[in-house]
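So the structure is just underneath, and the comments pick up after that.
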Amino acid sequence: MTKIFKFTAIAEGCSYIILLLNMLAIKPTNPILYKTLLFPIGMTHGILFIAYLYLAVMIKNRQKWNTRDFLTIILASLLPFGTFFIEKRYLKNA
């Protein structure tokens, strides 16, 4: 299950960056393309975000994360590039 969490962390981080790219780069130049891409990118990111949180809760005890580490892992999902940091620091042995 740790390998699935590792994959989900990377995928969630990529979807977050793509969502931000859509909002910051495409919206000002091409609003029609922005609206077309918003739903599929947003839905994908939302599903990956929920999966990331769910898997973090599921493997908390298996990885023996203390409360501070667990909260860091959860809060990292809210920051761009945060899940990449988590993947390198907490899941390097997976």
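Read left to right, the sequence shown gives residues 437 to 530 (our numbering).
C-beta atoms are modelled at their ideal positions from N, C-alpha and C, and glycine is treated no differently.
Pairwise C-alpha distance: residue j and residue i
i           : j           : result
residue 470 : residue 483 : 20 Å
residue 519 : residue 528 : 13 Å
residue 503 : residue 462 : 39 Å
residue 485 : residue 449 : 9 Å
residue 501 : residue 524 : 15 Å
Residue i, buried or exposed, once every other Cβ within 10 Å from all chains shown has been counted against 16
i           : result
residue 526 : buried
residue 514 : exposed
residue 441 : buried
residue 491 : buried
residue 458 : buried
residue 412 : One cannot answer for residue 412 here, as it falls past the ends of the chain, which runs 437 to 530.
residue 468 : exposed
Beta-carbon proximity check, residue i vs residue j, cutoff 9 Å
i           : j           : result
residue 453 : residue 517 : yes
Neighbourhood of residue i by C-beta distance below 7 Å, restricted to the same chain and skipping five residues each side
i           : result
residue 456 : 516
residue 522 : 445, 509 and 512
Cutoff 8 Å; reference residue i; Cβ partners in own chain excluding five residues on either side
i           : result
residue 438 : 495, 498, 499, 527 and 530
residue 488 : 441, 444, 445, 448, 513 and 519
residue 507 : none
Cβ shell of residue i (< 6 Å), same chain only, five flanking positions each side left out
i           : result
residue 451 : 480, 481 and 484
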